[in-house]
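**Student:**
There are 2 protein chains.
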Amino acid sequence: MNIRFYNARILTMESRELIKGELWTSDDRISFIGTPSEEEISKESFDRQIDCEGNVLMPGFKNAHTHSAMTFSRSVADSYELNDWLYKAIFPMEAKLNDSYTYTFSKLAFAEYVKSGITADFDMYFHLDGIVKASNEVGMRTVFCSSANDFGGIDRLEDEYLKYNDAGELIGYKLGIHAEYTTSKENIAKAVEVAHKYRAPMFTHISETKSENLGCIERYGMTPVELFDKMGFYDYGGGGFHCVWFNENDRRIFSEKGLYAVFNAASNLKLASGVPDVSSFIGDGVSFGIGTDGAGSNNSLNMFKEMFLCATQSNILRDKSYSVDPFDVLKAACCTGAKIMGLDDCDILAKGKKADIIMIDMKDPSMQPESVFVDNLVFSGDTSVVKMTMINGKILYENGSFTTVDIDSLYEEARIKAGEIRA
Amino acid sequence: MNIRFYNARILTMESRELIKGELWTSDDRISFIGTPSEEEISKESFDRQIDCEGNVLMPGFKNAHTHSAMTFSRSVADSYELNDWLYKAIFPMEAKLNDSYTYTFSKLAFAEYVKSGITADFDMYFHLDGIVKASNEVGMRTVFCSSANDFGGIDRLEDEYLKYNDAGELIGYKLGIHAEYTTSKENIAKAVEVAHKYRAPMFTHISETKSENLGCIERYGMTPVELFDKMGFYDYGGGGFHCVWFNENDRRIFSEKGLYAVFNAASNLKLASGVPDVSSFIGDGVSFGIGTDGAGSNNSLNMFKEMFLCATQSNILRDKSYSVDPFDVLKAACCTGAKIMGLDDCDILAKGKKADIIMIDMKDPSMQPESVFVDNLVFSGDTSVVKMTMINGKILYENGSFTTVDIDSLYEEARIKAGEIRA
C-alpha cells in the first residue's frame with residue numbers, strides 16, 4: 001500500500017518547525033518527505049492520495065507505561081482507598097481474567113489509543129496471548145513489559161522474552177519486574193540473571209509512592225533506584241515507571257546510566273501519589289517518556305492530559321512559568337517513548353522510518369488562530385484534534401471512524417465481559 | 424421550535440443518577456422530562472425528533488470566568504515571564520483592539536465553547552459591543568463581568584450595568600472590578616457605591632498570586648477578601664476569580680456571606696500561580712464554580728481539563744485520593760456556574776428550565792465500558808465526548824458541525840485579524 005499525503009505540514013520532531021510538503025508511505029515505511037517535482041509524482045503509483053488541507057502530520061504518541069486490559073476497571077471503584085481499591089476491587093476482578101478477557105479489554109484500550117493518536121503502547125500485564133491477538137487485529141504496536149513478582153512470572157521470564165519477541169512485527173517484549181515492594185531480593189536477582197544472559201534492559205514501577213520508598217529504605221537501607229543499581233538490574237539499561245519520589249542521587253544514577261524515567265502524572269494525581277518534578281529530571285539530564293497508566297487509576301488513556309501535566313506541574317514546584325519547554329514534553333511523548341520500547345524506527349518522521357503517523361486537525365477551534373504549533377498542541381490540544389492515525393503504514397482511524405474495529409460490537413462484547421468480571 | 428429527544432439517558436444534576444426517558448423542548452425551555460405515554464407523544468407536534476441512542480443529556484457547562492476575546496493571544500508568548508507577558512506581549516496587543524476585533528476573537532472562543540459543551544460564559548473584557556454581536560450571532564449565552572480599574576471603566580460602570588442588562592435574552596452584566604492591585608481604594612469605593620445603589624453582587628480577580636496577597640497586606644494590613652468585605656464590596660453577594668491564596672478567614676467570610684469562589688486551575692498551573700485547594704473550600708462550605716480563564720494564559724478553553732484538575736489536585740495537598748467528590752465538581756461546572764452568573768433557570772434539567780443542554784457521546788471509547796457515569800465523565804472525559812450542544816432551545820453544534828457559525832470563514836477572518844493585532 002503506497003499512500004501520498006499532500007498539502008501537508010509536517011512536524012518531523014527533529015525540530016519544532018513545521019515543514020510544508022508531502023509525505024509518502026510505502027507499505028510500513030515512510031518513503032518520502034519533502035516537496036516533490038511533478039515528474040517525481042508522476043513516476044509513483046499510489047494506492048491512495050490524501051489531501052491534508054494544511055493539517056499537520058507528526059509521529060504518533062508512544063504510551064510508555066500502561067496496563068491496557070484494565071479498561072474493565074475504569075471508574076468502577078474510584079472512591080476506594082488505595083489498599084481497598086487493590087485488594088477489594090482490582091485483585092478479585094483480575095483473578096477472573098483469562099486471554100479472552102484481556103483480548104476484549106485491551107482491544108477497547110487500543111480503540112481509545114488510535115482515536116487519540118497513540119501508535120504504540122508499553123504494556124505491563126498478564127494473559128498476554130489475548131493482548132497479542134487484540135494488537136494484531138487492531139493493528140496496534142504493543143511492546144510488553146514483564147510484570148513478574150513474588151506472585152508469579154519470574155520463572156516464565158525467559159520463555160516470555162523469547163516467545164513475545166518472536167511474535168510478529170507489531171509485538172515486542174522487555175524484561176522487568178512489577179516493583180521492588182512486590183518482589184523479593186531473590187526473585188529480583190533471578191530476573192537480573194535473565195537480563196544479564198541476554199544483555200537486555202529492564203523496567204519496573206519505581207518510587208511511585210512515598211511509602212514505597214520508605215519501605216525499601218527500611219528493608220535495604222537505600223532507595224529502590226540505589227538497590228536496583230547495586231543489584232545489576234540496570235547493567236544493560238532500561239528505566240522505571242512513575243519516578244515520583246526520586247532524590248538527586250536517583251536522578252544522577254538514571255542520568256549516568258542512560259536510564260529512562262516514564263511519568264504518569266494523571267494517575268499520580270488521582271491516587272494522591274505525588275507530583276513528578278519533570279524539570280528536575282531535565283535539569284539533571286535524565287531522558288523521559290510519558291504514559292497514561294491503566295484505566296483503573298487514571299481513568300483516561302489520554303496523552304494530551306499527560307502532556308499538559310508534564311509541561312505545567314513543575315511550574316508550581318519551581319514557582320516559575322514555562323519551567324518545562326513543551327517541545328521537550330512532545331519529544332518525550334513521541335520520540336523518547338519509542339526509544340524506551342526499543343522502537344528505534346518509530347521515533348521521528350524521516351525517509352526509511354516506520355509509518356507511525358498521526359494527523360492533527362488544525363480546523364479544531366482549540367488550534368486557532370494558528371501561532372506556535374508545539375506550544376499550542378501541548379497546552380491547548382486534546383483528543384478531539386486527532387484526525388487520522390496510521391500504524392505500520394496502515395490507517396486505523398480516520399475522521400471519526402475505525403478501519404479495523406467494529407466499534408459497536410466491541411462495546412457490546414466489553415459490556416458483557418465487564419459485567420462478568422465485575423459481578 | 425419543539426424538539427423531542429428520545430431513547431435518552433438524562434443526568435438532570437439533581438442527583439448523580441441517570442434517568443432513562445425523553446426530554447422535550449419548546450422554544451427556549453424544557454417542556455417535559457420523563458417517560459411519556461404514546462398518547463402524550465401523539466398530542467405533541469414536534470419540529471424535530473432526535474434518537475439519542477442511549478446517549479446522555481445533561482446541563483451544559485458554565486464557564487464561570489473567562490476572557491473570551493483573548494483567543495488572539497493563544498500560544499503567542501508562552502515562554503515570557505508574567506510581567507513581560509503582560510507588558511511586552513498582551514497589553515500592546517490589547518491596545519489595538521476594537522469592537523470588530525473583539526467580535527471575531529470572541530466568536531472563535533464561542534465556537535470552541537459550543538463544540539466542547541459550554542453553554543454560558545462569564546466574560547470579563549472590554550469593547551463589549553463586539554462581544555454582544557458575536558454572542559447573538561452564535562447563540563452563545565454571555566454574562567459580562569466588569570473589568571473596571573484605575574486605567575478605565577469605573578465611571579462607565581453604571582451605564583454598562585444598565586445597558587448590557589437590557590441587551591437581549593442572551594446577554595447579562597454583573598458589577599465588578601478587575602482586581603485590588605489594579606484599582607485604588609477610591610475607585611473600589613466608587614464601584615461599591617454603584618453596587619449598593621442597585622443592591623447587586625460584585626466580582627473580581629482575587630488572591631490569584633501570592634504576591635497579589637502580600638501587596639494587599641502591605642498596603643492595607645489585610646487580605647484582599649478582608650479588604651473587600653470591610654469596604655462593603657460584598658454586601659449584596661458576588662464572589663471572586665482564582666481564589667488560590669485564600670486563608671481560613673477568607674474562606675470563612677466567603678462561606679458566611681454566601682459568596683462564590685471560581686477556580687481556574689489550568690491557568691494557575693501554567694502561570695505558576697499556585698494550586699487552589701478545592702477540598703478546603705468544600706469543607707468550609709464555600710460554593711464554587713469553574714472557569715477556563717482566557718486563551719492567553721490557559722491556553723485551552725476546555726472545561727474537562729479544569730474539572731479533572733479541580734477533582735484531583737487537592738489529593739496531593741491532602742495526601743488522600745478522592746478528596747473531592749467528582750459530583751461536587753460537576754455541580755460546580757454545570758449548576759453553580761449558572762447561579763454565579765444569575766442564570767437561575769440554566770442550572771439543572773427540569774420542566775420549565777432553560778434548554779441549555781449537551782449530549783454526551785457514550786460511544787466514545789473513553790466512556791466505555793460503562794460504569795459510574797459522573798466519575799467517568801470527570802476523570803476520563805474530554806471535549807471529544809460532546810456530541811451536541813443546545814443553548815436557549817437552539818442546537819448550535821451537532822455531530823461535528825456548527826449550525827450558526829461558518830467555521831472556515833471565521834478561521835480566515837481570525838487569522839487576518841490576529842496577524843494585525845500581533846504585528
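Going line by line, the protein sequences match chains A and B.
Take the first sequence: its position 53, counted from the start at 1, is 53 in my numbering, and no numbers get skipped.
Numbers given in my numbering equal positions in the second sequence, counted from 1, plus 423.
The beta-carbon is built from N, C-alpha and C at its ideal position, and this holds for glycine as well.
Since this is a predicted model, take the numbers as computed values, not measurements.
1) By Cβ distance, which residues of its chain are closer than 7 Å to residue 799 of chain B, with the 5 residues on each side in sequence left out?
2) Using the beta-carbon of each residue, which ones in chain A are nearer than 8 Å to residue 499 of chain B?
3) Got a sec: which bits of the region 506-531 of chain B sit with their beta carbon under 9 Å from any beta carbon on chain D, in order along the chain?
4) So what does DSSP say about residue 668 of chain B, is it helix, strand or coil?
5) Is residue 242 of chain A closer than 8 Å to residue 280 of chain A when the C-beta atoms are compared?
6) For the region 618-630 of chain B against the region 651-669 of chain B, are there 3 or more C-beta pairs whose distance is under 8 Å?
7) Under 8 Å by Cβ, that's how I've got residue 119 of chain A and residue 389 of chain A pegged, so tell me the actual separation to the nearest angstrom.
8) Closest to residue 761 of chain B by CA distance: which of B:464, B:485, B:512, B:773 is it?
9) Could you work out which residues of chain A lie near residue 736 of chain B, taking near to mean beta carbons separated by less than 8 Å?
10) Candidates A:302, A:379, A:263, A:370: which alpha carbon is nearest residue 287 of chain A's?
11) Pick helix, strand or coil for residue 510 of chain B, following the three-state DSSP scheme.
12) Return the residue from the list A:419, A:44, A:374, A:421 that minimises the CA-CA distance to residue 17 of chain A.
13) Can you check which of these residues, B:749, B:595, B:553, is closest to residue 568 of chain B by C-alpha distance?
14) Is it the case that the Cβ atoms of residue 154 of chain A and residue 96 of chain A are separated by a distance below 8 Å?
15) Where residue 752 of chain B and residue 110 of chain A are concerned, what is the direct C-alpha to C-alpha distance, given to the nearest angstrom?
16) For chain B, is any of its Cβ atoms less than 8 Å away from the one on residue 415 of chain A?
17) Assuming residue 845 of chain B and residue 516 of chain B are in contact, meaning their beta carbons sit under 8 Å apart, how far apart are those beta carbons, in whole angstroms?
18) In terms of alpha-carbon separation, which member of B:469, B:667, B:617, B:496 lies closest to residue 585 of chain B?
19) Evaluate residue 35 of chain A with the Cβ neighbour count: other Cβ atoms within 10 Å of its Cβ, from every protein chain shown; 16 or more gives buried, anything less gives exposed.
20) Under 8 Å, do residue 673 of chain B and residue 648 of chain B count as touching if we go by C-beta distance?
21) State the DSSP-derived secondary structure class of residue 146 of chain A, mapped to helix, strand or coil.
22) What does DSSP give as the partner residue(s) for residue 63 of chain A in the beta ladder?
23) What residues in its chain sit with their C-beta under 6 Å from that of residue 780 of chain B, if we drop five residues either side in the sequence?
24) Would you kindly report the start and end of the unbroken alpha helix (DSSP H) that includes residue 430 of chain B?
25) How is residue 469 of chain B classed by DSSP in three states: helix, strand or coil?
26) Pick out whichever of B:435, B:825, B:667, B:785 has its Cα sitting closest to the Cα of residue 757 of chain B.
27) Give the DSSP-derived three-state secondary structure of residue 726 of chain B in the structure shown.
28) For residue 229 of chain A, does the three-state DSSP call read helix, strand or coil?
29) The beta strand (DSSP E) that contains residue 20 of chain A, what's its start and end?
30) Any idea if residue 764 of chain B is buried or exposed, counting beta-carbon neighbours within 10 angstroms, 16 or more meaning buried?
31) Using a Cβ-Cβ distance under 8 Å, would residue 778 of chain B count as near chain A?
32) Based on Cα-Cα distance, which residue from A:394, A:320, A:360 lies nearest to residue 354 of chain A?
33) Going along chain A in order, which residues have a C-beta closer than 7 Å to the C-beta of residue 545 of chain B?
34) Of all Cβ atoms in chain A, is any one closer than 8 Å to the Cβ of residue 538 of chain B?
35) What in chain A is Cβ-close to residue 786 of chain B, meaning under 8 Å?
36) Let me check understanding here. Comparing Cα to Cα, which of A:52, A:47, A:381 lies closest to residue 27 of chain A?
**Tutor:** Well, looking at it:
1) 790, listed in sequence order.
2) Within 8 Å of the CB of residue 499 of chain B, the CB atoms of chain A belong to 371, 372, in sequence order along the chain.
3) No chain D appears in the structure shown, which is made up of the protein chains A and B.
4) In the structure shown, residue 668 of chain B sits in coil (DSSP, three-state: anything other than H, G, I, E or B).
5) no
6) yes
7) 7 Å
8) B:485
9) Neighbours of residue 736 of chain B on chain A, chain order: 269.
10) A:263
11) It is helical.
12) A:374
13) B:595
14) no
15) 29 Å
16) For residue 415 of chain A, the answer is yes, since a Cβ of chain B falls inside 8 Å of its Cβ.
17) Their Cβ separation, rounded to whole angstroms, is 6 Å, which keeps residue 845 of chain B and residue 516 of chain B in contact under 8 Å.
18) Minimum Cα distance to residue 585 of chain B is reached at B:617.
19) Using a 10 angstroms sphere on the CB of residue 35 of chain A, the tally of other CB atoms stays under 16, which defines it as exposed.
20) yes
21) coil
22) Here residue 63 of chain A is bridged, per DSSP, to A:121.
23) 480, 813
24) Per DSSP, residue 430 of chain B belongs to no alpha helix (DSSP H); it is in the beta strand (DSSP E), 425-433.
25) coil
26) If we check each option's Cα against that of residue 757 of chain B, B:435 comes out closest.
27) Collapsing the DSSP output to three states places residue 726 of chain B in a helix.
28) helix
29) For residue 20 of chain A, the uninterrupted beta strand (DSSP E) run begins and ends at 19-26, by DSSP.
30) buried
31) no
32) A:394
33) Chain A residues near residue 545 of chain B: none, gap ~19 Å exceeds 7 Å.
34) Yes, residue 538 of chain B counts as interfacial toward chain A.
35) 407, 408, 411
36) A:47
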